[in-house]
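A quick write-up on the structure given underneath.
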Amino acid sequence: MAADIDTRSRLRWPGREARGGALARTARALLFAALAAGAAGAHAEKNFEQRLNALLGHWLAQSKDATQARVLRLTNVVFVEPRTAVLAGLYGPASAPAWPEARDISVRLEGTNIVLDVVAADQGRITLTTQADGSLQGAMPRAGAAAVTLRFARVPLSEIHRYAAENPLPEARAGRNARIELVYVGALDCSLCLRWEGTYLGQGKLGGSADWKHLRFTEVKLPTLKNAFRVEDAPARLQPVFHEMGANGIRIQGVPSFVLLVNDTLRAHALGPASFETLIHAALRSAVREKLAAERL
């Protein structure tokens, strides 16, 4: 009589072990990925406010087209929750003489990325996402045209001034026979004003550079730095310019202040000697180069 043979332990389905092992490995990988994602998300949420504070500062998205370049200046965190926040700041064309306050900067955490929804003063919108290289990137919609991808890099203010000086908006570019005018607002008892005057003025005229001969210089001197500048303090021919500046939210807020005009159009304005060096002086030189280049054509 044939011996009973238990074949149950010897039965093998082709590929069964391989599939079982693969499924187990996949399950473990998915579990580990979920745990890692959860840990990363928890870490990102824990450090959310710290990362928000690290975003504060100046951001510049450069473009060969000055009308598309943008500046984002994040000034402070208004309030923050575990995964959402509101920031305050300025947003607008990089070459504009002033950057308007953004209507809204809403922030949310998506995975480990921070996403900013920015609403400009003119209701323009852009959504920016943090990138691995530390930049902010998003697409800026345009009416009747394709959206423009902008990459914002953190830069010092002087770098924005350099870009704005060399890439003016079309209406402020100096062409043939352009009238370039520098308006200086100082005060009799202002030590910073006296220091600037000692460096750049001689007998009421700008000196020290061949560029100066191509512009008109106008000085407005207040009796004391305690006095606020009034439009009436400017020469009558310039008062419409200062009225328009005020209507656009641009005001002389102290001394020494500098206003650079091209054909009575505001190209740049700045407060203080440092900003004169990084913005006004650079913009003035660029305007003179533009004018001379146009006149050589």
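Just so it is clear: in the sequence shown, position 291 is 744 by the numbering used here, and no numbers are missing. The C-beta atom is built at its ideal place from N, Cα and C for all residues, glycine as well. Predicted model, so just to flag it, every value in this text is computed and none were measured.
The alpha carbon of Leu745 has as its nearest neighbour, out of Trp665, Asn529, Gln706, the alpha carbon of Trp665.
With a cut-off of 8 Å on Cβ pairs, the stretch 596–614 is in contact with the stretch 509–517, counting three or more such pairs. Between Ser559 and Asp570 the beta-carbon gap is near 5 Å, inside 8 Å, which marks them as a contact.
Cβ-Cβ separation between Gly639 and Lys674: approximately 5 Å, consistent with a contact (criterion under 8 Å). The beta strand (DSSP E) runs of length 3 or more contained entirely in the stretch 636–705 are, from start to end of the chain, 669–675. Per DSSP, Ile579 lies in no alpha helix (DSSP H); the unbroken beta strand (DSSP E) holding it starts and ends at 578–583. Secondary structure of Val708 (DSSP, three-state): coil. Residue pairing for Trp512: DSSP places it in a beta bridge opposite Leu525, Arg607. Judged by DSSP secondary structure, Ser739 falls within the alpha helix (DSSP H) whose first and last residues are 734–749. Burial of Phe711 is indicated by the presence of at least 16 other C-beta atoms within 10 angstroms of its C-beta. Judged by DSSP secondary structure, Thr565 falls outside any beta strand (DSSP E); it is assigned neither H nor E. The stretch 715–724 makes contact with the stretch 622–631; the number of CB pairs closer than 8 Å reaches 3 or more. Ranking Val531, Leu691, Ile705 by CA distance to the CA of Ala681 puts Ile705 first.
In terms of Cβ geometry, Tyr544 and Arg561 do not form a close pair [threshold 9 Å].
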